[in-house]
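Undergrad:
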Amino acid sequence: MRSLFLLLWRNNFTLLFLLLWAICFYLIIRNNNFQQVSVFNSTNKVTASVLEAVNYVKEYINLKENNASLARENARLKSLLPDAYYENGVVKTIVADSTRSQQYSFITSRVVNNSVNRRNNYLTLDKGSVHGVKKDMGVISSSGVVGIVKDVSEHYCTVMSVLHKNTRISTRFKNSNYFGSLVWDGSDSKIATLLEVPKHVKFNNGDSLVTTVYSTIFPEGVMVGIVRGSELKPGDNFYAIKVRLSTNFANLSHVYIVDNLLKSEQLGLEAQTLSTDDN
Amino acid sequence: MITELLVFLFRFLILILVQVVVLNNVQFSGFINPFVYIMFIMMLPVRMPKTFLLLAAFLTGLVVDVFSNTMGMHAAACVFMAYVRPTVLRIMAPRDGYETESSPSVKELGFTWFLIYAAALTFIHHFILFYIEVFRFSEFFTTLLRVLLSSVATLLTIMISQYLFGKPINEK
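From first to last, the protein sequence lines are chains A and B.
Residue numbering for the first sequence follows the working numbering, starting at 32 and increasing by one per position.
Residue numbering for the second sequence follows the working numbering, starting at 93 and increasing by one per position.
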């Protein structure tokens, strides 16, 4: 027994090292676990306020660019107003209001922390549960998809960006209904890969890609990117398509969090179908 | 003793701030991210008890983790780096040993010595960090490229800051 203690004492350096590594890996694995609601790090008060101060400066540096992009978007939105249309039809169909109900609402938000150079990138936004943000909501910018809300605190939320190992986004061609899932291979923040497109599908470089209606996270038709090139390995039935992302992740500052008002209804119904299927 | 402790504390705060506020926002071509804060662990005194060394490294890594949303990754890399540091120091010991109060720096042990020492520890740290981050071997060579490029960037930053801020600590 005494020699055992002696052995432990003599190797206390290695033992402490192993103990600390065990703690580290516990933290890493706990944090990688998707299902678990964890108190995410950059959402706590101290770090968030430091990051916000940093972002305050960064926003000034990018002010000109941001103004331009917001102005562009204003112009686009104005063009969608009824005033902007010239009424040239004679016959009008009157549609009662109750047949259309709003499905998506948008929460505007600022990006307070962002990265593009890691294998798994996250953003921190300055809206949280008090503003109605919930886990698994989609995040889009004026130019395209950004990511999916991962964790929410009172005033902040973290977003798993498209530039993440575990993000898959259901994407289809704008001009046909063939779809695949978009993943990021970790090398270039401007390029992603679209997988699972069958080899009989015809498409050209420069075709636009948009989100599908199948995910309950994003509205249909949000811009994802354009086709840059494709590869079909011999014997493979699916293309690997290089996609130039439409969102510039390196200078994101204003984004919209998408609230799908009918999401719980759809998911509830689907779960019900599946559970009756089992019996 | 107290002033020395303050110097280390000051260096800790400055390096962490520089890392979190400036360097975490620096992006060269999506591949390179210098991690200069590990210089703090490199420059701890040679005679420091090994267990304190591990704990200091763990703490440093954890603080950087909290600021960059990578819970545990930097801490694991730092702890591993601190674990191999005594071995590296022993292999690289000058013929008549280290002075009692010395801590590794260009001023005390010379340019070549510190370059080799920093290169070895930086590579070890980055290797662990990037492979933990990716957590799979299917992207082995891409990750290795990231490790090498970032190591060079970190090393360059460390060597430059040695000349900018590397004033002798125990100026009497």
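Where a beta carbon is used, it is the ideal one built from N, C-alpha and C, also for glycine.
Just so we're clear, the structure is a prediction, and the values are computed from it rather than from any experiment.
Determine, using beta carbons only, whether B:Thr235 and B:Val244 come nearer to each other than 7 Å.
TA: Here the question's residue 235 of chain B lines up with position 143 in the second sequence. Here the question's residue 244 of chain B lines up with position 152 in the second sequence. Their beta carbons are not under 7 Å apart, which means B:Thr235 does not touch B:Val244 by this criterion.
Undergrad: If we call anything under 7 Å between Cβ atoms a contact, is A:Thr247 one with A:Asn291?
TA: As a working mapping, residue 247 of chain A is identified with position 216 in the first sequence. As a working mapping, residue 291 of chain A is identified with position 260 in the first sequence. Their beta carbons are under 7 Å apart, which means A:Thr247 touches A:Asn291 by this criterion.
Undergrad: For my contact list, B:Met173 and B:Ile250 are in at a C-beta cut-off of 8 Å; report their separation, rounded to the angstrom.
TA: Within the second sequence, residue 173 of chain B is the residue found at index 81, counting from 1. Within the second sequence, residue 250 of chain B is the residue found at index 158, counting from 1. Contact flag wrong, Cβ pair sits at about 13 Å.
Undergrad: With 7 Å set as the bound, which would you pick, yes or no: does the beta-carbon of B:Val99 sit closer than that to a beta-carbon of chain A?
TA: Within the second sequence, residue 99 of chain B is the residue found at index 7, counting from 1. It does not: the Cβ of B:Val99 has no partner Cβ on chain A nearer than 7 Å.
Undergrad: Go through its chain and collect everything with a Cβ distance to B:Tyr129's Cβ below 7 Å, but skip five positions before and after it.
TA: By 1-based counting over the second sequence, the position of residue 129 of chain B is 37. Once the five neighbours on either side are set aside, the close Cβ partners of B:Tyr129 are Leu107, Ile108, Gln111, Thr152, Val156.
Undergrad: Are the segment 93-107 of chain B and the segment 255-263 of chain A touching, with three or more C-beta to C-beta distances below 8 Å?
TA: With the cut-off at 8 Å, the segment 93-107 of chain B and the segment 255-263 of chain A do not touch.
Undergrad: DSSP three-state call for A:Met191: helix, strand or coil?
TA: Taking the first sequence and counting its residues from 1, the one referred to as residue 191 of chain A is at position 160. A:Met191: strand per DSSP, three-state reduction.
Undergrad: At what residues does the alpha helix (DSSP H) containing B:Pro178 begin and finish?
TA: For the purposes of this step, residue 178 of chain B is identified with residue 86 of the second sequence, where counting begins at 1. Start and end: 165-183.
Undergrad: In the structure shown, what three-state DSSP assignment does A:Leu108 receive?
TA: Residue numbering aside, residue 108 of chain A sits at position 77 when the first sequence is read from its first letter. Reduced to three states, the DSSP call for A:Leu108 is helix.
Undergrad: So the beta strand (DSSP E) B:His217 belongs to, where does it begin and stop?
TA: Working through the second sequence from its first residue, we reach residue 217 of chain B at position 125. Premise fails: B:His217 lies in the alpha helix (DSSP H), 203-226, not in any beta strand (DSSP E).
Undergrad: Helix or strand or just coil, what does DSSP make of A:Ser136?
TA: Counting from one through the first sequence, the residue named residue 136 of chain A turns up at place 105. Here A:Ser136 sits in strand by DSSP.
Undergrad: Using 10 angstroms around the beta-carbon of A:Ala99, count the other beta-carbons present and answer buried if the total reaches 16, otherwise exposed.
TA: Residue numbering aside, residue 99 of chain A sits at position 68 when the first sequence is read from its first letter. Exposed, by the Cβ-count rule.
Undergrad: So, helix, strand or coil for A:Ile92, using DSSP?
TA: The residue given as residue 92 of chain A occupies position 61 in the first sequence. Helix.
Undergrad: Which residues of chain D have a Cβ atom closer than 8 Å to the Cβ of A:Tyr91, listed in chain order?
TA: Chain labels in this structure do not include chain D; the protein chains are A and B.
Undergrad: So what's A:Phe36 in DSSP terms, helix, strand or just coil?
TA: The count along the first sequence starts at 1 and reaches residue 36 of chain A at position 5. In the structure shown, A:Phe36 sits in a helix (DSSP, three-state: H, G or I).
Undergrad: Is A:Gly211 buried or exposed, if buried means 16 or more other CB atoms sit within 10 Å of its CB?
TA: In the first sequence, residue 211 of chain A corresponds to position 180, counting from 1. With 16 or more Cβ atoms within 10 Å of its Cβ, A:Gly211 is classed as buried.
Undergrad: In terms of residue numbering, what span does the alpha helix (DSSP H) encompassing B:Gln160 cover?
TA: The count along the second sequence starts at 1 and reaches residue 160 of chain B at position 68. The amino acid at residue 160 of chain B is misidentified as Gln; the sequence shows Ser. That run of the alpha helix (DSSP H) goes 142-160.
Undergrad: My parser needs the beta strand (DSSP E) runs of 3 or more residues fully inside the segment 235-274 of chain A; what are they?
TA: Fully enclosed beta strand (DSSP E) runs of 3 or longer: 239-242, 254-262.
Undergrad: Three or more C-beta pairs under 8 Å: does that hold for the segment 185-195 of chain A against the segment 278-294 of chain A?
TA: Yes, since at least three Cβ pairs between the segment 185-195 of chain A and the segment 278-294 of chain A fall closer than 8 Å, the two stretches touch.
Undergrad: Strictly under 7 Å for the Cβ-Cβ distance: is A:Leu154 near chain B by that measure?
TA: Locating residue 154 of chain A in the first sequence gives position 123, counting from the first residue. So, not an interface residue.
Undergrad: Below 8 Å, can you find three or more Cβ-Cβ pairs linking the segment 222-233 of chain A to the segment 175-192 of chain A?
TA: Not touching, per the Cβ criterion.
Undergrad: Would you report the Cα separation of A:Asn268 and A:Leu213, rounded to the nearest angstrom?
TA: By 1-based counting over the first sequence, the position of residue 268 of chain A is 237. By 1-based counting over the first sequence, the position of residue 213 of chain A is 182. Near 17 Å, if we compare the C-alpha coordinates of A:Leu213 and A:Asn268.
Undergrad: Would you list the one or two residues that DSSP bridges to A:His285?
TA: Within the first sequence, the letter at position 254 stands for residue 285 of chain A. Per DSSP, A:Arg141.
Undergrad: Below 7 Å on C-beta distance, what does B:Ile224 contact in chain A?
TA: On the second sequence, residue 224 of chain B is found 132 positions in, with the first residue counted as 1. Residues of chain A passing the Cβ test: Ile59.
Undergrad: Can the beta-carbon of B:Pro196 be found closer than 7 Å to that of B:Tyr175?
TA: For the purposes of this step, residue 196 of chain B is taken as the residue at position 104 of the second sequence. For the purposes of this step, residue 175 of chain B is taken as the residue at position 83 of the second sequence. Not closer than 7 Å, so no.
Undergrad: Does chain A have any CB closer than 7 Å to the CB of B:Leu107?
TA: Taking the first residue of the second sequence as 1, we reach residue 107 of chain B at position 15. No, because no Cβ of chain A sits closer than 7 Å to the Cβ of B:Leu107.
Undergrad: Please indicate yes or no: does the CB of A:Gln134 lie closer than 6 Å to some heavy atom of the ligand SAH?
TA: The ligand content of the structure shown is nil, which means the ligand SAH is not present either.
Undergrad: Does any CB atom of chain A fall closer than 7 Å to the CB of B:Lys199?
TA: In the second sequence, the residue the question calls residue 199 of chain B occupies position 107. No, no contact with chain A.
Undergrad: If the cut is a Cβ gap below 8 Å, which residues of chain B does A:Val81 touch?
TA: Translated into the one-based positions of the first sequence, residue 81 of chain A becomes position 50. Result: Val112, Val113, Phe159.
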